[in-house]
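Asker: Residue numbers (the UniProt record's numbering): 1 to 238. Built from N, CA and C at the ideal position, the CB exists for glycine as well. Owing to the predicted nature of the structure, the values given are computational and were not obtained by experimental measurement.
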Ligand code: ADP
Ligand code: MG
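Set out below in structure tokens:
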């Protein structure tokens, strides 16, 4: 079942066309990775799904609902940012709940959602700590918790591991894969890192500026790259 559907989407910044007539279906509970070099339009595509960039033309459907004119908060998606700026004076609980207080949710419902997120992230013991009392990996999990409490149809990640050191990057990558298993949520994940794409994705969308170069499972893209570009970027060296 389609969870996110882009049809004939185009986007320019000034006279520069960044995305041109792009169509894509992300299925429910699928982990889709947008992979491509810097400047290939990955973030722009993700931000259009999130509602942080307008779409010049084409349509966006999320969970069966046309979304291209809806505000970010009404789309049923939640974005996890690269620089997961937490409020230093607030506890983990406060940081996770912040966005929910803003929309006037009942505090009993907020508490239930924060507890659920903490259980999923195995952070129940850390809810009263402040960011300064957390490790880098734990801070990253708080940022993910902020998305979980919104109970979105889909999670959007823009290079969430790029600020972490190498060891933590591997650990968090494994945690994200486990999170996907546990939550059975749709995930769209942007990276320029081949290893992240190969290990996390159900399907990889290779972007090369304006258009999709290839869509396939990690094995398809690796073993049967559709172009020299894909071969150079992710393909088998043989
Ligand atoms: P990626 O995430 O793959 O590195 P981006 O989507 O950030 O690529 O950028 C794609 C292209 O669009 C780049 O050439 C970038 O300079 C341009 N771009 C992105 N955002 C803006 C903006 N707000 N204004 C002007 N140009 C932009
Ligand atoms: Mg980017």
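Looking at residue 68: is its Cβ nearer than 8 Å to the Cβ of residue 211?
Answerer: It is not a contact, given that the beta carbons lie outside the stated cut-off.
Asker: Specify, as a first and last residue, the run of the beta strand (DSSP E) that residue 19 falls within.
Answerer: Start and end: 16-27.
Asker: Out of 125, 131, 93, 128, state which residue places its alpha-carbon closest to the alpha-carbon of residue 113.
Answerer: Out of 125, 131, 93, 128, 93 has the C-alpha closest to the C-alpha of residue 113.
Asker: Who sits around the ligand ATP, taking every residue whose Cβ is closer than 6 Å to one of its heavy atoms?
Answerer: For the structure depicted, the ligand ATP is absent and the ligand set comprises only the ligand ADP and the ligand MG.
Asker: Assign residue 95 to one of two classes, buried (16 or more other C-beta atoms within 10 Å of its C-beta) or exposed (fewer than that).
Answerer: Per the 10 Å Cβ criterion, buried.
Asker: Taking buried to mean at least 16 other C-beta atoms within 10 Å of its own C-beta, is residue 11 buried or exposed?
Answerer: Buried: at least 16 other Cβ atoms inside 10 Å.
Asker: Near residue 136, which residues of its chain fall below 7 Å by C-beta distance, leaving aside the five closest residues on each side in sequence?
Answerer: Counting only Cβ-Cβ distances below 7 Å, and skipping sequence neighbours, we find 164, 168.
Asker: Give me the Cβ distance between residue 126 and residue 138, rounded to the nearest whole Å; I'm assuming they're in contact under 8 Å.
Answerer: Right, the Cβ-Cβ distance comes to about 6 Å (below 8 Å), so this counts as a contact.
Asker: For the alpha helix (DSSP H) that residue 203 lies in, which residues bound it at each end?
Answerer: Not the alpha helix (DSSP H): residue 203 falls in the beta strand (DSSP E), residues 203-207.
Asker: So residue 45 and residue 31 are supposed to be a Cβ contact under 8 Å. How far apart are they, rounded?
Answerer: Not a contact, Cβ separation roughly 16 Å.
Asker: At the level of alpha carbons, what is the spacing between residue 261 and residue 63?
Answerer: This structure cannot speak to residue 261, because the chain is shown only from 1 to 238.
Asker: Does DSSP put residue 176 in a helix, in a strand, or in coil?
Answerer: DSSP places residue 176 in helix when its eight states are reduced to three.
Asker: Quick check on residue 228: buried or exposed, where buried means 16 or more other Cβ atoms within 10 Å of its Cβ?
Answerer: Its Cβ having fewer than 16 others within 10 Å, residue 228 is exposed.
Asker: Does the region 206-225 come close enough to the region 47-64 to have 3 or more Cβ pairs within less than 8 Å?
Answerer: The region 206-225 is not in contact with the region 47-64.
Asker: Under 8 Å, do residue 153 and residue 80 count as touching if we go by C-beta distance?
Answerer: No. Outside cutoff.
Asker: Applying the criterion that 16 or more other CB atoms from any shown protein chain within 10 Å of the CB defines a buried residue, is residue 191 buried or exposed?
Answerer: It is buried - the Cβ of residue 191 has at least 16 other Cβ atoms within 10 Å.
Asker: Can you say whether residue 65 is buried or exposed, counting buried as having 16 or more other CB atoms within 10 angstroms of its CB?
Answerer: That one is exposed.
Asker: Could you check what DSSP says for residue 102 in three-state terms: helix, strand or coil?
Answerer: In the structure shown, residue 102 sits in a helix (DSSP, three-state: H, G or I).
Asker: Can you tell me whether residue 182 is buried or exposed, with buried defined as 16 or more other CB within 10 angstroms of its CB?
Answerer: Answer is exposed; the Cβ neighbour count stays below 16.
Asker: What does residue 187 pair with, by DSSP beta-bridge criteria?
Answerer: 31, 155.
Asker: What would DSSP say about residue 234, mapped onto helix, strand or coil?
Answerer: Reduced to three states, the DSSP call for residue 234 is coil.
Asker: Note down, in chain order, each residue of its chain lying with its Cβ closer than 7 Å to the Cβ of residue 116, except the 5 sequence neighbours on either side.
Answerer: Answer for residue 116: no residue qualifies.
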